[in-house]
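> One structure, as structure tokens, below. Some questions next.
There are 2 protein chains.
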Amino acid sequence: MNCSIAQFAEILGDKWGLLILRDALVGVTTFSEFERRIGLSKNVLTERLNRLVENGVMAKVSTRPKSGRYRYELTEKGKALFPIAVSIMQWSDKWVFGNEGEPIKVVDGKGGAPIQSVEVIARDGRTLSSDDVEYRPGPRGGRPYNQDE
Amino acid sequence: MNCSIAQFAEILGDKWGLLILRDALVGVTTFSEFERRIGLSKNVLTERLNRLVENGVMAKVSTRPKSGRYRYELTEKGKALFPIAVSIMQWSDKWVFGNEGEPIKVVDGKGGAPIQSVEVIARDGRTLSSDDVEYRPGPRGGRPYNQDE
DNA sequence: TAATTTGGTTGCTTTAAGCAACTAATTTTG
DNA sequence: CAAAATTAGTTGCTTAAAGCAACCAAATTA
Chain X
1 MNCSIAQFAE ILGDKWGLLI LRDALVGVTT FSEFERRIGL SKNVLTERLN
51 RLVENGVMAK VSTRPKSGRY RYELTEKGKA LFPIAVSIMQ WSDKWVFGNE
101 GEPIKVVDGK GGAPIQSVEV IARDGRTLSS DDVEYRPGPR GGRPYNQDE
Chain H
1001 MNCSIAQFAE ILGDKWGLLI LRDALVGVTT FSEFERRIGL SKNVLTERLN
1051 RLVENGVMAK VSTRPKSGRY RYELTEKGKA LFPIAVSIMQ WSDKWVFGNE
1101 GEPIKVVDGK GGAPIQSVEV IARDGRTLSS DDVEYRPGPR GGRPYNQDE
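Each protein sequence line maps, in turn, to chains X and H.
Residue 69 in my numbering sits at position 69 of the first sequence, with consecutive numbering throughout.
Residue 1080 in my numbering sits at position 80 of the second sequence, with consecutive numbering throughout.
Put into structure tokens, the structure is as follows:
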């Protein structure tokens, strides 16, 4: 499907994929810890982790050779999902939790100051809302945002 | 579940939810146009749109009173998902499509210049990667990023 | 006036997810 | 050092969700 969002959705566009990403970002690496924290069945976790590995988002590495124990860790491609995760958290904190307050705070590792709100910024520095942009066909061109017909 | 990402996932954390958001952002409003562009079955589309309406992400408004024709449009809460959609597109463009080039370009409505890359910025202006942050329990506190036990 | 479009609903089939039991190494505990 | 527990799964069965096709009534277009 010739759509960036659809591509993302294929790789981790479901509940479990997003929760695996969340846990991976906070440092979870083992099969059993993902299982315990997320609370999904083993066969589904197996399938989802395999998909992430196949798509280069995570790497499966042996802790010690021949041990049968592994670490699942984010690749560079996986770590690049960080702004997506943060923007999701910020949206939820504001629009779902609201004045209840957020469950987790993301802070700068150096100094512990809160981070800025993730925003879409124009080349000239203006913050853009969804009404301020236009969509143009890219290099792959053709009809924009259409997948079939 | 006391987790911001899980809350988001409940509302539109699946393939169809993300594709509906994509289309809504580019201006799709009618049931039939969502159906045609996304290519999902009517019953699932009905259920998904209802969920988005129930959660305040979209509003269902009659085009003309008593006409039986509706527009599904993003609320303020829904439009606030914009940075998430853009960060997903940018990730996919870079890490999935790569040098093939992106299918769609998001440009500034004023002047048509490309937008900046969506990033996580510290209070002091530094761009932060996933290794540069820490996670602290928020006001809702308790154990961070744990939902059960 | 007839055909088409819109926005669905209903019923059936197929696919995916959840659950429990089992396994075979490996590691920890007494 | 033996027994228990943990890790990282697999297999089989059940239940929930998605896909598909047909159908429908009101409104719109030809």
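Backbone N, C-alpha and C define an ideal beta-carbon position, used for all residues, glycine too.
Since we're looking at a predicted model, the values are computed, not measured.
1. Thinking X:Met89 and X:Leu74 are a contact (beta carbons under 8 angstroms), I'd like their distance in whole angstroms, please.
2. Cutting at 8 angstroms between CB atoms, please list the residues of its own chain near H:Phe1082, excluding the five before and the five after it.
3. Three-state secondary structure (DSSP) at H:Met1001?
4. Leaving aside the five residues before and after X:Pro114 along the sequence, list all residues of the same chain whose C-beta is less than 7 angstroms from its C-beta, in chain order.
5. Closer than 6 angstroms by C-beta to H:Glu1119: which residues in its own chain qualify, once you throw out the five before and the five after it? Chain order, please.
6. Answer with yes or no whether the minimum CB distance from X:Gln49 to chain H is below 9 angstroms.
7. Identify whether H:Asn1146 lies in helix, strand or coil by the three-state DSSP scheme.
8. So, helix, strand or coil for H:Ser1117, using DSSP?
9. Taking 8 angstroms as the cut-off, is the C-beta of X:Leu74 nearer than that to any heavy atom in the ligand NAP?
10. Roughly how many angstroms separate the alpha carbons of X:Leu40 and X:Val28, rounded to a whole number?
11. Pick helix, strand or coil for H:Asp1108, following the three-state DSSP scheme.
12. Who are the Cβ neighbours of X:Ser48 in its own chain at under 7 angstroms, not counting the five residues just before and after it?
13. Tell me the residue span of the alpha helix (DSSP H) that contains H:Lys1015.
14. First and last residue of the alpha helix (DSSP H) that includes H:Lys1077?
15. In chain H, what lies closer than 7 angstroms to X:Gly138 by C-beta?
16. Which bits of chain X does H:Gly1098 rub up against, with CB to CB less than 7 angstroms?
17. Run through chain X and tell me which residues come within less than 8 angstroms of H:Ile1020, C-beta to C-beta.
18. State buried or exposed for H:Asp1023, treating a residue as buried only when at least 16 other CB atoms are found within 10 Å of its CB.
19. For a quick check, are the C-beta atoms of H:Ser1092 and H:Glu1102 less than 9 angstroms apart?
20. Relative to chain H, which residues along the stretch 80 to 91 of chain X have a C-beta separation below 9 angstroms, given in chain order?
Looking at the coordinates:
1. Actually they do not touch by this definition, with Cβ atoms about 17 angstroms apart.
2. Sequence-distant Cβ neighbours of H:Phe1082 in its own chain, meaning closer than 8 angstroms and more than five residues away, are Leu1025.
3. If DSSP states are grouped into helix, strand and coil, H:Met1001 belongs with coil.
4. Lys105 and Val107
5. Thr1127
6. First, the residue type needs correcting, since residue 49 of chain X is Leu and not Gln in the sequence shown. It does not: the Cβ of X:Leu49 has no partner Cβ on chain H nearer than 9 angstroms.
7. A caution first: H:Asn1146 carries a pLDDT of 34, below 50, which makes its placement in the model unreliable, though a value can still be read off. Coil, per DSSP.
8. coil
9. Only the bare structure without any ligand can be found here, which leaves the ligand NAP out of the picture.
10. 15 angstroms
11. strand
12. Correcting the residue type first, residue 48 of chain X is Arg in the shown sequence and not Ser. The residues are Trp16, Gly17 and Ile20.
13. Taken as a continuous stretch (DSSP letters only), the alpha helix (DSSP H) holding H:Lys1015 covers Lys1015 to Leu1025.
14. Glu1076 to Lys1079
15. Gly1101, Glu1102, Pro1103, Ile1104 and Lys1105
16. Neighbours of H:Gly1098 on chain X: none; closest Cβ ~10 angstroms, over 7 angstroms.
17. Near H:Ile1020 there are no residues of chain X at all, since even the closest Cβ is about 10 angstroms away, more than 8 angstroms.
18. buried
19. Cβ atoms of H:Ser1092 and H:Glu1102: closer than 9 angstroms.
20. Ala80, Leu81, Phe82, Pro83, Ile84, Ala85, Val86, Ser87, Ile88, Met89, Gln90 and Trp91
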